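Down below is the structure, laid out as structure tokens.
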Ligand code: ADP
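Residue numbers (our numbering): 14 to 308.
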């Protein structure tokens with residue numbers, strides 16, 4: 014809130030300075046109509062001052078917005094780390110204090126394992142975001158069958174959320190779809206996209222993933238489509254920025270760090286590909302298209 018007030022203050026301050034500069038310039042013109050040289054110098058200085066002011070204001074507003082996003086990120090990461098730890102602690106204390114029946118005990122172990130998975134997942138995301146920032150990171154590039162990479166990503170997400178086979182439908186791509194890339198990184202891409210598709214869908218989730226050859230077999234488009242909450246069109250580009258989360262109720266209720274898509278985009282670009290998001294609007298599902306070069 015305080016930051017917002019500071020932003021408004023600097024915006025008003027910038028606008029006042031612009032008005033002052035315009036007044037100065039008009040006065041200058043009136044006083045020096047005949048002195049053309051001075052007039053020209055005045056106009057040039059005026060243009061310089063105005064440009065400087067505008068750049069300064071844009072910079073300030075951007076910095077404030079970024080720092081707001083950092084705060085939100087820290088909050089969500091802390092929350093993501095604290096909740097599973099608190100849950101594991103509770104179950105361990107119960108197991109220590111009481112004599113729990115074997116059936117319940119095994120149920121407790123399952124919950125604790127799911128919590129450790131969640132912890133590992135968060136730590137892995139933060140680490141990958143750091144790694145994605147390194148320009149010269151070594152990639153373990155090899156020839157990969159796209160079908161196998163997609164298949165393993167689907168399996169990981171299915172078991173993470175204990176999903177029915179019918180929730181995620183993978184249209185098996187033909188065998189000749191080979192790509193050059195780092196298997197671990199590419200799996201991270203599709204796991205992240207499928208994970209989001211599950212997270213941002215409310216009821217009766219249906220997700221499809223399929224590959225289509227493009228540009229005379231030089232490229233492949235992989236489409237991941239869901240019938241979830243959708244994305245408003247002004248947000249379609251912003252969601253790929255680090256720490257950015259769409260400011261709506263579902264995002265607040267859903268756990269996340271705003272890092273997933275930034276990691277995804279960085280990996281795809283390192284593989285010479287592109288990614289874009291499409292959605293007909295809120296409540297109407299989303300489609301993510303990943304384009305990669307074929308071997
Ligand atoms: P996180 O999921 O951790 O918040 P991401 O970078 O993966 O971070 O996603 C950024 C934002 O994009 C999400 O907070 C969400 O608002 C939006 N988003 C991503 N995928 C989807 C999807 N399949 N459907 C609707 N919204 C999505």
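Glycine included, C-beta positions come from ideal geometry on N, C-alpha and C.
Note that the structure is a prediction, hence the values are computed from the model and not measured.
Residue i and residue j look like a contact to me (Cβ under 8 Å); what is the Cβ gap, rounded to whole Å?
i, j, result
"residue 128", "residue 101", "5 Å"
"residue 196", "residue 168", "Contact flag wrong, Cβ pair sits at about 14 Å."
"residue 299", "residue 208", "Not a contact, Cβ separation roughly 13 Å."
"residue 286", "residue 272", "Actually they are not in contact, since the Cβ atoms of residue 286 and residue 272 sit about 19 Å apart, beyond 8 Å."
"residue 307", "residue 190", "7 Å"
"residue 200", "residue 233", "Actually they do not touch by this definition, with Cβ atoms about 16 Å apart."
"residue 45", "residue 37", "Actually they are not in contact, since the Cβ atoms of residue 45 and residue 37 sit about 12 Å apart, beyond 8 Å."
"residue 253", "residue 278", "5 Å"
"residue 281", "residue 204", "Contact doesn't hold; Cβ gap of about 14 Å is too wide."
"residue 206", "residue 242", "About 15 Å; that fails the 8 Å criterion."
"residue 164", "residue 188", "That belief does not hold up - the Cβ atoms of residue 164 and residue 188 are roughly 12 Å apart, past 8 Å."
"residue 316", "residue 235", "Summary: the structure shown does not reach residue 316, with the chain confined to residues 14 through 308, and so no result is reported for it."
In three-state terms, what does DSSP make of residue i?
i, result
"residue 119", "helix"
"residue 215", "coil"
"residue 255", "coil"
"residue 303", "strand"
"residue 110", "helix"
"residue 99", "helix"
"residue 90", "helix"
"residue 228", "coil"
"residue 139", "helix"
"residue 25", "helix"
For the region 91-98 against the region 55-63, are there 3 or more C-beta pairs whose distance is under 8 Å?
no
List in chain order: all unbroken alpha helix (DSSP H) runs of 4+ residues lying wholly within the region 30-75.
As far as the region 30-75 is concerned, it has no whole alpha helix (DSSP H) run of at least 4 residues.
Are at least three pairs of beta-carbons, each pair with one atom in the region 245-252 and one in the region 292-308, less than 8 Å apart?
yes
Decide if the region 176-183 is in contact with the region 102-122; the criterion is three or more beta carbon pairs, one per stretch, under 8 Å apart.
No, because fewer than three Cβ pairs between the region 176-183 and the region 102-122 fall closer than 8 Å, the two stretches do not touch.
Any chance you could list the beta strand (DSSP E) runs of at least 3 consecutive residues sitting entirely within the region 148-222, in chain order?
154-158, 181-183, 191-195
Completely contained alpha helix (DSSP H) runs for the region 242-300, where each covers 4 or more residues
262-266, 273-283
Contact the region 255-272 vs the region 222-238: 3+ CB pairs below 8 Å
no
Touching by the beta-carbon criterion (3+ pairs, under 8 Å), the region 63-81 and the region 27-34
yes
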